[in-house]
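Each remark here refers to the structure printed beneath this line.
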Amino acid sequence: MIEFISVTKRYPNGAEALKNTNLCIEKGEFVFLVGSSGAGKTTILKLLYRELLPTRGTIKVLGRDVVKLKKREIPFFRRNMGLVFQDFRLLADRNVYENVAFALRVIETPTREIEKRVMESLELVGLKGKVKSKPSELSGGEQQRISLARAIVNQPAIILADEPTGNLDPDTSIDIVNLLRVVNLRGTTVIMATHDQEIVDRLRKRVIEVEDGEIVRDQLKGGYRHEA
């Protein structure tokens, strides 16, 4: 489903964010990307949704060669992905319903289908009663739930989550990750970059550790730190 073949990403200043990286992730997996800040986790995610291009190597996602995508094909390619960020990235001037519906409006989904999917997504994240609220009226945890609802409303094959619990308290973080687990159990592949040791140790999912642009550990049912 996802494959990196000898992928290197070098920035204009000469820094190598990834070095000859090989990686394979199968459909339906839940994968944690761990490692220190600047290790290369976010670069991996940005390469996956084609915000960045590799300096060399091949990236395949859902059978497509990401590197060879034409510019006009990128928006259609991204419809297969839901993105969740640490800073929520909600539209401050729109209410909860419109924030979630936005992802469907841009691809011209029929109005009746938009309403159905938005309400289903909000029900899943437990915020069906907040449709008219603005992001500023919500807690950080509620905003991240809305961000997740927006990510799943288009029924994507893959969720990419970049430090989704980074601005949340421990209990709220567990709630968000439990929602990601529910989405994963429905068949969606989830890739989550995180520094949250407690959550990684609790879930015991596949752990890919990145250090200085290289994968130094790839462990099924792993913890945050390597255990001999």
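What the sequence shown shows, in the working numbering, is residues 0 to 227, in sequence order. Every residue, glycine too, gets a C-beta built ideally from N, C-alpha and C.
Rounded Cβ spacing between residue i and residue j (contact assumed at less than 8 Å)
| i | j | result |
| --- | --- | --- |
| G27 | G186 | 6 Å |
| L17 | I1 | Contact flag wrong, Cβ pair sits at about 14 Å. |
| G37 | V6 | Not confirmed; about 17 Å, so no contact. |
| Y96 | V124 | Their Cβ separation, rounded to whole angstroms, is 13 Å, which puts Y96 and V124 out of contact at 8 Å. |
| K8 | L46 | 7 Å |
| A192 | T41 | 6 Å |
| I214 | L22 | 7 Å |
Classification of residue i by the beta-carbon crowding that lies within 10 angstroms, buried from 16 upward
| i | result |
| --- | --- |
| S35 | exposed |
| D195 | buried |
| I106 | exposed |
| P109 | exposed |
| F75 | exposed |
| N98 | buried |
| D161 | buried |
| A14 | exposed |
| K115 | exposed |
| L51 | buried |
| E197 | exposed |
| G212 | buried |
| S172 | buried |
| G169 | Checking the sequence, you will find Pro at residue 169 rather than Gly. P169 comes out exposed. |
| I73 | exposed |
| E208 | buried |
Option nearest residue i by Cα separation, candidates the options
| i | options | result |
| --- | --- | --- |
| L178 | P155, R205, H194, Q143 | Q143 |
| K127 | E119, N79, P134 | E119 |
| T164 | V209, S146, R205, L121 | S146 |
| Q154 | E112, I173, V176 | E112 |
| Y48 | L32, L82, G39 | L82 |
| R201 | N12, I214, R180, E208 | R180 |
| E25 | H225, L61, L167, L121 | L61 |
| V117 | V199, S135, N94, E136 | N94 |
Under 8 Å between C-beta atoms of residue i and residue j
| i | j | result |
| --- | --- | --- |
| G140 | D174 | yes |
| I190 | N79 | no |
| N183 | F84 | no |
| V66 | P53 | yes |
| T20 | F31 | no |
| Q218 | V206 | yes |
Going along the chain, which unbroken runs of the beta strand (DSSP E) with 3 or more residues stay wholly within the region 58 to 113?
Fully contained in the region 58 to 113 are the following beta strand (DSSP E) runs of length 3 or more, in chain order: 80 to 84.
Output the residue ranges of the alpha helix (DSSP H) runs that lie fully inside the region 187 to 215 and measure 4 residues or longer, sorted by chain position.
Taking only runs of at least 4 residues, the alpha helix (DSSP H) segments lying wholly in the region 187 to 215 are 196 to 202.
Counting only runs of 3+ residues fully inside the region 133 to 196, write out the beta strand (DSSP E) ranges in chain order.
For the region 133 to 196, whole beta strand (DSSP E) runs of length 3 or above, ordered along the chain, are 157 to 161, 188 to 192.
Considering only residues of the region 5 to 62, which uninterrupted alpha helix (DSSP H) runs meet the minimum length of 4 residues and lie entirely inside it, listed in chain order?
Fully enclosed alpha helix (DSSP H) runs of 4 or longer: 40 to 47.
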